[in-house]
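S.K.: Okay, here's the structure, questions in a sec.
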Amino acid sequence: MASAHGFASSLMSPTELGFTLSSSFSIQRPRFIVPKFSRSFLGNIVQGQLQSATTKTLAGAGVFFARRKGFVCALEVFEWLRKENRVDKETMELMVSIMCSWVKKLIEGEHDVGDVVDLLVDMDCVGLKPGFSMIEKVISLYWEMEEKEKAVLFVKEVLRREIAYSEDDGDGHKGGPTGYLAWKMMAEGNYRGAVKLVIHLRESGLKPEVYSYLIAMTAVVKELNEFAKALRKLKGFTKSGLIAELDAENVELIEKYQSDLLADGVCLSNWVIQEGRSPLHGVVYERLLAMYICAGRDLRQKDNCGK
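Read in order, the letters of the sequence shown correspond to residues -7 to 299 in this note's numbering.
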């Protein structure tokens, strides 16, 4: 990896790489759609020179054109390499690194979310399938820039366009784009927001990954637990005479909030059962059990939920 980057950084011009370009070479494209090979800049390069060039040289060419002419050229180089069966592991890692840098430029340049998604689509079109780590990176960049609404829009677009990505996240504990975004919300203590996000996406006709439902169920448990802690403190203040006892209206509001959370949890559990594998059923029951315990509900209600 390091050697490829070192080689690429030493490039000064395509001529030094042994390439000659026609004077009419230009790339103009209103949207991020990779042109067909016959119309690409590779069509202006002498085919004999391409055939004799080493894979490292061509990968370096991808870096050069990505820097000078944009990511479209880099993708065209990769597409040609793949068609010629000249993509090795080092080249793949280099191209992913190039695309990651362009994703970051688009986000930091405040481009539309659609432009970022278009780049991921272009990558998939030329056989450079985005890894889940890249999906995470986009969400994290928006999050760090306090562009949380854009993070939600990005996840919606990924689901809407059904963008495929390779499972390179190792332990898979975040499941996918929806689960990762919900997990980010939970990390900030926004448990209710995480639950609402997953339910909203599902009810909007999109298809979040099954694991995101389990993450949302965990958020329900955490929210009910935090709510129970607050109620215990409130009761302590009431007993000590610091505040008056809750009236019937407030008691009703408390019970409704708990009931709404439990209803959301049951809804999420049904989706896991419908769309998930049978080994997940045990996990679903554990989450439901935890939910009813945190809410202080009757054991018979928990048993009914398990059924």
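The C-beta atom is built at its ideal place from N, Cα and C for all residues, glycine as well.
If you're wondering where the values come from, they're calculated on a predicted model, not measured in any experiment.
Count Cβ pairs between the segment 175 to 182 and the segment 200 to 218 that sit closer than 8 Å; are there 3 or more?
M.R.: Because the criterion of three Cβ pairs below 8 Å is met, the segment 175 to 182 and the segment 200 to 218 touch.
S.K.: Start and end of the alpha helix (DSSP H) containing R224?
M.R.: Segment V202 to K231, the alpha helix (DSSP H) holding R224.
S.K.: If you run the structure through DSSP and keep just helix, strand and coil, what is G123?
M.R.: Strand.
S.K.: Count the other CB atoms, across all protein chains shown, that sit within 10 Å of the CB of Y183; report buried if there are 16 or more and exposed otherwise.
M.R.: Y183 is buried by the Cβ-count criterion.
S.K.: Expressed to the nearest angstrom, what Euclidean distance is found between the alpha-carbon atoms of K231 and G101?
M.R.: Going from the Cα of K231 to the Cα of G101 covers about 56 Å.
S.K.: Which whole-angstrom value describes the C-beta separation of V264 and L206, a residue pair presumed to lie in contact below a C-beta threshold of 8 Å?
M.R.: That pair is a contact at about 6 Å.
S.K.: Can you tell me which of V118, M91 and H103 puts its alpha carbon nearest to the alpha carbon of N77?
M.R.: Of the candidates V118, M91 and H103, the one whose C-alpha sits nearest the C-alpha of N77 is V118.
S.K.: Report the residue ranges of all alpha helix (DSSP H) runs contained in full by the segment 128 to 200; include only those spanning at least 4 residues, in chain order.
M.R.: Within the segment 128 to 200, the complete alpha helix (DSSP H) runs of at least 4 residues are 140 to 152, 169 to 179 and 183 to 195.
S.K.: Can you tell which of I191, S125 and D114 has its C-alpha closest to the C-alpha of K148?
M.R.: The option with the nearest alpha carbon to K148 is I191.
S.K.: Going by beta-carbon coordinates alone, are L112 and L67 separated by less than 9 Å?
M.R.: Not closer than 9 Å, so no.
S.K.: Considering only residues of the same chain and omitting the five flanking positions on each side of I235, which have a CB-CB separation below 6 Å?
M.R.: F229.
S.K.: Going by alpha carbons, who is nearest to V276 out of A287, D256 and L260?
M.R.: For the residues A287, D256 and L260, the minimum Cα distance to V276 belongs to L260.
S.K.: Would you please state the rounded distance, in angstroms, between the beta carbons of G283 and L254? I believe it to be under 8 Å.
M.R.: Correcting the residue type first, residue 283 is Met in the shown sequence and not Gly. Right, their Cβ atoms sit about 6 Å apart.
S.K.: Using the C-alpha atoms, what's the distance from E278 back to L226?
M.R.: Near 28 Å, if we compare the C-alpha coordinates of E278 and L226.
S.K.: Taking the runs of the beta strand (DSSP E) that are 3 residues or longer, which of them lie wholly in the segment 238 to 266?
M.R.: You should have found no qualifying run.
S.K.: According to the neighbour-count rule (16 or more other Cβ atoms, all chains shown, within 10 Å of its Cβ), is P122 buried or exposed?
M.R.: With 16 or more Cβ atoms within 10 Å of its Cβ, P122 is classed as buried.
S.K.: Please report the distance separating the alpha-carbon of E138 from that of G233.
M.R.: If you take the alpha carbons of E138 and G233, they lie about 42 Å apart.
S.K.: Looking at C-alpha atoms only, which residue of D110, G185, W94 and L133 is the closest neighbour of A156?
M.R.: It is D110 whose Cα lies nearest to the Cα of A156.
S.K.: Could you check what DSSP says for V118 in three-state terms: helix, strand or coil?
M.R.: Reduced to three states, the DSSP call for V118 is coil.
S.K.: Rank P200, E241 and I99 by C-alpha distance to the C-alpha of R153 and give the top, closest one.
M.R.: Minimum Cα distance to R153 is reached at P200.
S.K.: Indicate the three-state DSSP secondary structure (helix, strand or coil) for V306 in the structure shown.
M.R.: In the structure displayed, the chain extends from -7 to 299; residue 306 sits before or after that span and is not available.
S.K.: Label S251 either buried or exposed according to how many other C-beta atoms from any shown protein chain fall within 10 Å of its C-beta, with 16 as the threshold for buried.
M.R.: Flag for S251 reads exposed.
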